[in-house]
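Colleague: Let me give you the structure first, and then I'll get to my questions.
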Amino acid sequence: MIESRRRLLRSTGSLALLLSAPGLVWGANIVAVRVWPATDYTRVTLESDVQLQARHFLMEDPPRVVIDIEGLELSPQLRELVGKVLPDDPYIAGIRIGQNQPRVVRLVIDLKQLVDPQVFTLPPVAAYNHRLVFDLFPTVAPDPLLALIREKEQAERQAQSAINDALGEFIDRMNRSPSVATAPTPAPAPAPLTPREPVDAKTKSKIDRLVIVALDPGHGGEDPGAIGPSGLKEKDVVLQIARKLRDHINAQPNMRAMMTRDADFFVPLHQRVEKARRVQADLFISIHADAFITPHARGASVFALSDRGATSTAARWLANKENAADLVGGANLRHNDAHVMRALLDMSTTAQINDSLKLGSEVLGQISRVGRLHKRRVEQAGFAVLKAPDIPSILVETAFISNPEEEAKLRDPRYQDELVDAMMSGIRRYFAKNPPLARNRQL
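Just so we're aligned: 106 in the UniProt record's numbering is position 106 of the sequence shown, and the numbers increase by one with no gaps anywhere.
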C-alpha cells in the first residue's frame with residue numbers, strides 16, 4: 001500500500017514537471033502580430049503556431065470591437081500589437097489587451113468609426129503559420145467612381161487657383177510699380193504629356209468623356225510577392241511603378257487612373273477586377289515583377305487572358321502562381337459570394353481578349369525600347385485578375401526580381417521612369433487606334 005502511494009506520488013511529480021516544461025504546448029504561441037491600415041479596410045493579423053479560436057462582438061458609445069481569443073496567455077509578442085497602430089489609421093484609434101479569463105485573452109479595438117468586422121482563420125501557407133485575421137471594413141463603402149470625379153475636379157480647382165494667384169501677384173506688382181513692366185511668373189504646373197502619335201479629328205471627337213485606366217499593383221499586405229536576392233519585395237516596387245504611372249495618366253487631358261491599392265494592403269483577386277468594373281474602367285493593367293526557379297531568367301513580359309489554355313508552359317506556371325495569391329494574402333473565401341467568383345471565371349469574351357492582345361502588343365512594343373524582353377510576343381494564360389469580361393486587361397511583368405541585375409534595375413528610379421514612359425506611350429498608342437466607347441453612365 002505504501003509502495004503504491006509512493007509510485008503514485010512519483011508519477012504525479014513527473015506529470016507536474018512535464019506540465020511546467022517550457023516546451024509543452026498548453027495552447028498557442030504568438031509568432032508575429034501585424035496591422036495593415038488602408039482606406040479600403042484595416043487588417044489585424046495574429047500569427048501563431050496552432051490555430052486560434054476567437055469570438056467577437058461590437059459595442060457602441062464609443063464604438064469598439066471586442067475579441068476573446070481562447071487558449072492564449074498574454075505574451076510580449078502579443079503586447080507588441082498595441083504599438084503597431086498608426087495615428088493615421090482610418091479605423092483603429094487604439095488597441096487594448098488583457099487576460100480576461102484563464103487561457104482567454106481579450107482584445108478591445110477602439111474605433112474611429114463604425115465598422116463591419118470579418119474574423120476568420122487561415123491555415124499555414126508559404127512562409128506563414130496559422131493566422132487569425134480581423135478585417136475592419138467601413139459600414140458604407142465609398143463610391144470609387146465618384147471619388148475619381150471629385151479628385152479630378154479638385155486637381156482642376158488647384159490648377160486654376162495657382163493660375164489666379166500668379167495673375168493676382170502680377171497685377172499687384174504692376175499696381176505698385178506702374179512704370180515697370182514685369183513679365184508674369186505663374187507657378188509652374190506639370191505640362192500634359194504630348195502624344196507621340198497624331199490623333200485625327202474623328203478620334204478626338206470620340207474621346208468626349210473621362211477615360212479611366214485601372215492600375216493594379218500586384219500582391220500587397222500579407223502577400224509580399226516575389227523577393228529579390230537583396231530583399232527587394234515585389235509588392236513594394238510595383239506600387240512605386242504604379243504610382244508613377246498614375247501620375248502620368250492623371251496629367252493627360254480627360255484621363256484618370258484608379259488604383260486597386262494605393263498603399264501596402266492586400267486585395268483579393270476578384271475584388272481587383274470588381275474595383276475596375278465599378279468605375280467602368282476602359283483598361284486594366286496589372287503590374288508585377290516576378291521570380292523564377294533560377295536567377296538566370298530575365299526580361300519583361302506582357303500577358304493577356306486565354307480561354308484556350310496557356311500559350312507556353314512558363315505562362316501556365318506563372319498564371320498558377322499568381323492565382324494562388326489569395327491563399328498567401330489571406331482572402332476570406334467563406335465571405336465571398338460564390339456565384340460572383342464563378343461568374344468572373346466564366347464571363348471572359350472573345351472581344352475582350354482580342355482588345356487585350358491589341359493593348360498588350362502596344363505596351364510590349366514600347367517596353368522593348370527600354371530593355372530586354374523575356375518573350376517578344378504577348379503571351380496568354382488563365383490569369384484570374386484579367387477576367388473582367390468588358391475591360392481590355394493585361395498583366396505586365398516588368399522584370400525578373402529574382403535576377404540580381406534586374407532587381408538592381410527595378411530599384412533604380414531612372415529605370416522605373418523609363419519603364420513608366422514606355423507603358424504610358426503604349427496606352428496612348430492603343431487609344432489612338434481604339435478610341436474608348438461611350439459609357440452608359442456619362443461623366
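We treat Cβ as the ideally placed atom computed from N, Cα and C, and that holds for glycine.
Does residue 461 pass the burial test, meaning 16 or more other C-beta atoms within 10 Å, or should it be called exposed?
Modeller: Outside the displayed span of the chain (1 to 443) sits residue 461, for which this structure offers no information.
Colleague: Whole angstroms is fine: what's the gap from T350's alpha carbon to I391's?
Modeller: When rounded, the distance between both Cα atoms is 12 Å.
Colleague: On the CB-based measure, 16 or more other CB atoms within 10 Å of its CB, does N254 come out buried or exposed?
Modeller: exposed
Colleague: Shortest alpha-carbon distance to Q366 belongs to which of M423, K275 and V396?
Modeller: M423
Colleague: Out of R372, D223 and I30, which has the shortest C-alpha to C-alpha gap to Y415?
Modeller: R372
Colleague: State buried or exposed for R428, treating a residue as buried only when at least 16 other CB atoms are found within 10 Å of its CB.
Modeller: Buried, because 16 or more other Cβ atoms sit within 10 Å of the Cβ of R428.
Colleague: Contact defined as beta carbons within less than 8 Å: I believe Q99 pairs with V108. What is the distance between those atoms, to the nearest angstrom?
Modeller: Actually they are not in contact, since the Cβ atoms of Q99 and V108 sit about 13 Å apart, beyond 8 Å.
Colleague: Look up N175 in the DSSP assignment and say whether it is helix, strand or coil.
Modeller: helix
Colleague: At a cut of 8 Å, does the stretch 74-84 reach the stretch 116-124 through at least three beta carbon pairs?
Modeller: no
Colleague: Nearest by alpha-carbon distance to P123: which of S75, E47 and I149 is it?
Modeller: E47
Colleague: Mind checking which residues open and close the beta strand (DSSP E) that includes A93?
Modeller: For A93, the enclosing beta strand (DSSP E) has its first and last residue at I92 to Q101.
Colleague: By DSSP, does I367 sit in helix, in strand, or in coil?
Modeller: Reduced to three states, the DSSP call for I367 is helix.
Colleague: Residues in its own chain within less than 6 Å of T45 by CB, not counting five upstream and five downstream?
Modeller: R34, R131 and V133
Colleague: With distances taken between CB atoms, is the gap from I410 to A289 smaller than 8 Å?
Modeller: With the sequence shown as reference, residue 410 is identified as Leu, and Ile is not the correct amino acid for it. Yes, the Cβ-Cβ distance between L410 and A289 is below 8 Å.
Colleague: When the Cα atoms are used, what is the spatial distance from L385 to D216?
Modeller: A quick correction: the sequence has Val, not Leu, at residue 385. So the two alpha carbons sit approximately 9 Å from each other.
Colleague: Using a Cβ distance threshold of 8 Å, determine whether the stretch 223-240 contacts the stretch 288-302, with at least three qualifying pairs required.
Modeller: yes
Colleague: Residues in its own chain within less than 7 Å of T39 by CB, not counting five upstream and five downstream?
Modeller: P90
Colleague: Do R316 and A226 come within 8 Å of each other at the CB atom, strictly closer than that value?
Modeller: It is not a contact, given that the beta carbons lie outside the stated cut-off.
Colleague: Look up G229 in the DSSP assignment and say whether it is helix, strand or coil.
Modeller: Reading off the sequence shown, one finds Pro at residue 229, where the question assumed Gly. It is coil, neither helix nor strand.
Colleague: May I ask you to report which of helix, strand or coil DSSP gives T294?
Modeller: For T294, the secondary structure class from DSSP, reduced to helix, strand or coil, is coil.
Colleague: Skipping 5 residues on each side, what residues in its chain have a beta carbon closer than 6 Å to that of P268?
Modeller: D326 and A331
Colleague: Just curious, the beta strand (DSSP E) that V66 is in, first and last residue?
Modeller: R64 to E70
Colleague: Consider the Cβ of A315: report whether some Cβ of chain B lies at a distance smaller than 8 Å.
Modeller: Among the chains in the structure shown there is no chain B, since it carries only a single protein chain.
Colleague: With I92 and T42 assumed to form a contact (beta carbons below 8 Å), what rounded beta-carbon distance in angstroms separates them?
Modeller: 6 Å
Colleague: Rounded C-beta distance between P102 and K275? I'm assuming under 8 Å.
Modeller: With 8 Å as the limit, P102 and K275 do not qualify as a contact, their Cβ atoms being about 45 Å apart.
Colleague: Among Q271, A297, R256 and K244, which residue has its Cα nearest to the Cα of E418?
Modeller: Comparing Cα positions, the closest option is K244.
Colleague: Which one or two residues does DSSP pair with I427 in a beta bridge?
Modeller: None; I427 has no bridge partner.
Colleague: Using the DSSP secondary-structure output, state which residues sit across from I285 in a beta bridge.
Modeller: L215 and I394
Colleague: Any idea what DSSP makes of K220, helix, strand or coil?
Modeller: For the record, residue 220 in the displayed sequence is Gly; it is not Lys. Here G220 sits in strand by DSSP.
Colleague: Checking the sheet assignment: what are the DSSP bridge partners for L136?
Modeller: BP columns for L136 point to T42 and P117.
Colleague: From this set, V237, E222 and D247, which residue's C-alpha is nearest A214's C-alpha?
Modeller: Closest option to A214, judged by alpha-carbon separation, among V237, E222 and D247: D247.
Colleague: Where DSSP assigns a beta bridge to Y415, which residues make up the other side?
Modeller: According to DSSP, which records beta bridges pairwise, Y415 is partnered with nothing at all.
Colleague: Which residues bound the beta strand (DSSP E) around D110?
Modeller: V104 to L111
Colleague: On a Cα-Cα basis, can you pick out the residue from I95, R369 and M258 that is closest to V66?
Modeller: I95
Colleague: From A79 to I30, what does the alpha carbon distance come to, in whole angstroms?
Modeller: The amino acid at residue 79 is misidentified as Ala; the sequence shows Arg. Going from the Cα of R79 to the Cα of I30 covers about 10 Å.
Colleague: Just confirm the distance between the C-beta atoms of F400 and F303, as a whole number of angstroms; I'd bet it's less than 8 Å.
Modeller: Contact between F400 and F303 fails: their C-beta atoms lie close to 14 Å from each other, not under 8 Å.
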